[in-house]
């Protein structure tokens, strides 16, 4: 396997963005649990709580301080006819991919129960944007499997990416996280671009 030549400087420093608006009532608690577990594991996080975004423009202020993070971990909804457009993955992806001056970051997207196959495919194949390294769902995920995957992924990445984040480290961390899902008989798929 060949990895990209993209190198994102420094140890992982993760901006956790909850863009779910707690639509179904469980998402904020879910996001907080993941944030707290990552914090206990020593993963570098931005802030004391996840950033709550109700629309893509809510990210403007934090992007002005983008040197404080090199990973964006977004938790929310993929696609559903019941959701307002502004809280769907597509809206956030379009806004971020068109943001001016955004330096290379690892983008990890966690959507539970609903997922957006078109936007996921676009994230994994898009070239020339900030997200040269990315992870996105390729099937619907139940919250427990999504939580296990991303907690394991970021813990492994933090353990092995001591000086910078490379495609090889993203691939390795993705593989380790995938193993934990297989052992627990979860069938969800998370695609990786590394």
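In our numbering, the protein residues as written are 3 to 196. Ideal Cβ placement from N, Cα and C applies to all residues, glycine included.
Taking buried to mean at least 16 other C-beta atoms within 10 Å of its own C-beta, is residue 120 buried or exposed?
Taking the first residue of the chain shown as position 1, residue 120 is located at position 118. Counting Cβ neighbours within 10 Å, residue 120 comes out exposed, since fewer than 16 surround it.
Below 8 Å between beta carbons: does that hold for residue 11 and residue 166?
Mapped onto the chain shown, residue 11 falls at position 9. Mapped onto the chain shown, residue 166 falls at position 164. Taking 8 Å as the Cβ cut-off, residue 11 and residue 166 qualify as a contacting pair.
DSSP beta-bridge partners of residue 182
Here residue 182 refers to the residue found at position 180 of the chain shown. According to DSSP, which records beta bridges pairwise, residue 182 is partnered with nothing at all.
Am I right that residue 99 and residue 131 are in contact with their C-beta atoms under 8 Å? What's the rounded C-beta distance?
Taking the chain shown and counting its residues from 1, the one referred to as residue 99 is at position 97. Taking the chain shown and counting its residues from 1, the one referred to as residue 131 is at position 129. Yes, they are in contact, since the Cβ atoms of residue 99 and residue 131 sit about 5 Å apart, within 8 Å.
Hey, would you say residue 108 sits closer than 8 Å to residue 151, going by beta carbons?
Taking the chain shown and counting its residues from 1, the one referred to as residue 108 is at position 106. Taking the chain shown and counting its residues from 1, the one referred to as residue 151 is at position 149. No, these two residues do not count as a Cβ contact at 8 Å.
Report buried or exposed for residue 203, applying the criterion of at least 16 other Cβ atoms within 10 angstroms of its Cβ.
The requested residue 203 does not occur in the structure, where the chain is confined to residues 3 to 196.
Can you have a look at residue 49 and say buried or exposed, based on whether 16 or more other CB atoms are within 10 angstroms of its CB?
Counting from 1 along the chain shown, the entry for residue 49 is found at position 47. Exposed is the call here.
Taking its Cβ as the centre, do 16 or more other Cβ atoms sit within 10 Å of residue 77, making it buried, or is it exposed?
For the purposes of this step, residue 77 is taken as residue 75 along the chain shown, with counting starting at 1. It is buried - the Cβ of residue 77 has at least 16 other Cβ atoms within 10 Å.
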